[in-house]
Each structure stands twice: as C-alpha cells, then as structure tokens.
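Report on one structure; see the data block that follows.
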Amino acid sequence: MIVLAVTALIKAIDEALGSDRRVTQKEVALFSRIGVTPVREEVEQALRENAFSQLKVYNRVRLRGHLVNLGSLQKRLAT
Amino acid sequence: MKRLSAGVTLAVTLGQLLAGRRDGWSEDQLLVLEALRRSANELESADEETLAAYLADFSTEQMRGLVSTVKGKYHELLFTRAENRDGDGISAVMFEATNHPGADIEFMMDGDVIRAVQLKAVQSPSDILEALERYPDTDVFATSEVCALLGGTFGARLTDSGFSNTTITKETQETLETLIGEDLGDFVSDGLLTSSLLGGAFVARSLLAGSKPTGADVRSFLELAGVGVGTAFATDALLELL
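Just so you know, the sequences run in chain order R and E.
Under my numbering, the first residue of the first sequence carries the number 473, and numbering increases by one thereafter.
Under my numbering, the first residue of the second sequence carries the number 245, and numbering increases by one thereafter.
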C-alpha cells in the first residue's frame, strides 16, 4: 500500500508539472497535508517496525534521511 | 448590543449548521433553529446534529426554498417573542401544528383567546389577498412593505407585523449565496476542484486508510489545513476527483 500511495503522489506531481496550469500555494500545502504526511508517517512507522530489514543499512539510512528532509520541508511549507 | 437582522441571523445560523457548529448560539439563532424544526414534521424534535445532516443534502436551489419556508416560521417566532415582551397584558401563542389551517398565532388575555391571526412574510399583495380570501374569518399580520402598499384597504383585517420582508429576503438570499457561492468560488479560483495534486493526495490517503474518504473526512482534512468548507457541494466535487 505504501508503494501504491507513493506512486499516486508521484503521478500527481508529474501531472501537475506537465500541466500548463499554475500550481497555487494552497494546493501544494493541501497536497502536503493530505497526501504526503500520512505516507511519510506510514514509512516512518514501517522503519521503526523494521519492515525494511531486507534493505542494506546504507539504503535504510538514506531513506531515514529523506524522511527527515521531507518532514523539514513540510514544516517550512506550513509556516 | 446591535441586533442582527432576521435575514442575516437566519443565513448565519444555516451556514453554521452546515459548517458543523454545535454550540454558542445566540438567542436569535436558537429561534432560527426552532423555526427550522417547525418547517418540517420530521424535524420536530431533531437535535442539532440531525438538523445539520438534513441541510447537508440540500442543493443550492432547495436551500433557497428552505430559507423561504424557515423565514416564515422565524417571522412568526420573532413576532410572538416581541408580543410577549411588550408588557401589555396580551400574550401570543403559536399553534403547535406545523401547518395549522388558517391561523398561525393566538392572542391571549387573562387565559382567554381574544384573537387568532395569520402571519405573512411576503412581498406580493396577491399573497395577502389570497390569504384573506381563503380564511375570511382570520385577520393577517404581514411584513411592513406589503402593508404599506395596500394602505388601509383592508382596515383591521391587515396589520403591519413590524418586520421588513425586503430586508429579510434580500439579506437572506445574499448572505446564503455568499456562504454557498464564495466557498465554491474559492475552490474554483484556486483550481482545487480540478487539481491533480489534490486528487493524488486523496488517492494516497485513501490507499493507506483502506477506504475512500467520506464527505465528512474531506471536510475535516480541509479544515485542518485551514480551508473552510461551508457546503456539501465543494466536498462532493472534491470526492469526484477520486
């Protein structure tokens, strides 16, 4: 489900970038709040539960780093 | 304290019900809720949650019709309250039945009924003529403009209720259109109704939750994000994105 959810978010971003229509600040904020937050929280939970044990340590660390960066960007977006 | 006009109070109350407000009602707003309960038999003892659910399914057109009906009941309640507070020894009592034939209000003195009248919040003299013809034994108390228009034509059979129908109707319509139209207008102007980003966000959330969000969920998400959604139309339109 996490992969499907991430795919839905990526597809939405691709469509938005490929469209001529201007993306508003409110739209991005809602995208972050409604879509990105639950996905990020789900991945964080999965990491805590060691659900990605098949990944190499290096990749798990990278994933955790991406999540931290994503969370920081979302905080900046919300302020 | 400045008292809100009947029309504004009515519109704001309906808007608050749609927006899910459940407490902090003013005295006039509670009167509007009472008018809404009296507007349909099935709402007679409805709690506020039930009233809100009832309104949530209304289209813009239906809402206008409902406002017109509720406005009439609200007019009766306002008039009754005013009569019972003027300290003249005469009290007014509304008939319990939602659609009592002929009379809407009884005037009482020392426990006896001294007069029963119809109340009309209308603009057209023809509505008054029809009411007087239909119930020849029941006098009419009507909103100010139509009384002024008819002058003293009907003598004691027609009396000014003291409330303005033009003000009530105009403000009710404008405020409701603002409440309904602006919310949807914001969504349209911000591109939210056609937003692939927002659609993708809802799809992702639904996948993780294992079910499609309801209208209440969508409203809740948007309110958390600081977007006020006053009507069911915007949330329904967003759900269409999924």
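Just so it is clear, CB atoms sit at the ideal spot from N, CA and C, and this is done for glycine as well.
query	result
Could you tell me which of E:THR403, E:LEU274, E:PHE351 sits nearest to E:LYS364, measuring between CA atoms?	E:THR403
Would you identify the three-state DSSP class for R:GLN526, choosing helix, strand or coil?	coil
Does any residue of chain R have a CB that is nearer than 8 Å to the CB of E:GLU426?	A caution first: E:GLU426 carries a pLDDT of 37, below 50, which makes its placement in the model unreliable, though a value can still be read off. False, the Cβ-Cβ gap to chain R never drops below 8 Å.
Going by the DSSP bridge assignment, what does E:ILE349 pair with across the sheet?	E:MET338, E:VAL361
Give me, in chain order, the residues of the same chain whose beta-carbon lies closer than 6 Å to that of E:ARG266; leave out the 5 immediate sequence neighbours on both sides.	In this prediction, E:ARG266 has a pLDDT of 46, which is less than 50 and means its spatial position is unreliable; nothing more can be read from the coordinates.
Among E:ALA400, E:ARG449, E:GLU320, whose alpha-carbon lies nearest the alpha-carbon of R:GLU514?	E:ARG449
Helix, strand or coil: how does DSSP classify E:THR324 here?	helix
Please list, in chain order, the residues of the region 511 to 526 of chain R that have any C-beta partner in chain E closer than 7 Å.	VAL511, GLU514
Pull up the distance between the alpha-carbon of R:ASN522 and that of R:TYR530, whole angstroms please.	14 Å
By DSSP's criteria, E:ALA386 is part of a beta bridge. Which residues make up the other side?	E:LYS364, E:ASP404
Taking 8 Å as the cut-off, does the region 320 to 335 of chain E touch the region 268 to 283 of chain E (at least 3 CB pairs, one atom from each stretch)?	yes
I'd like to confirm the pairing. Which residues does DSSP put opposite E:ASP216 in its beta bridges?	What is shown of chain E runs 245 to 486, which leaves residue 216 of chain E out entirely.
Beta carbon of E:LEU277, beta carbon of E:LEU295: below 8 Å?	yes
Alpha carbon to alpha carbon, what distance is there between E:SER335 and E:VAL357?	9 Å
Give me, in chain order, the residues of the same chain whose beta-carbon lies closer than 8 Å to that of E:GLU271; leave out the 5 immediate sequence neighbours on both sides.	none
Using C-beta distances below 7 Å, list every residue in its chain close to E:MET245, excluding the 5 sequence neighbours before and after it, in chain order.	Residue confidence is low: E:MET245 scores 36 on pLDDT, short of 50, so the model does not pin down where it sits. Its coordinate-derived value is still stated next. The answer is none, since no qualifying residue turns up.
What three-state label does DSSP hand R:ARG494 in the structure shown?	coil
Assuming R:ARG512 contacts R:GLY543 under a Cβ cut-off of 8 Å, what Cβ separation, rounded to an integer in Å, is found between them?	6 Å
When the cut-off is 8 Å and only beta carbons count, does R:VAL529 lie next to chain E?	no
So the candidates are R:LEU527, R:LEU535, R:ILE482, R:VAL500; which of them puts its Cα closest to the Cα of R:GLU516?	R:LEU535
For E:GLY429, would you say it is in contact with chain R, using Cβ-to-Cβ distances shorter than 8 Å as the test?	In this prediction, E:GLY429 scores a pLDDT of 42, lower than 50, which makes its location untrustworthy; no coordinate-derived value is stated.
What residue does the alpha helix (DSSP H) around E:ARG282 start on, and which one ends it?	271 to 282
Taking Cβ positions, are E:ALA347 and E:PHE339 nearer each other than 8 Å?	yes
Any beta carbon of chain E sitting closer than 8 Å to that of R:VAL495?	yes
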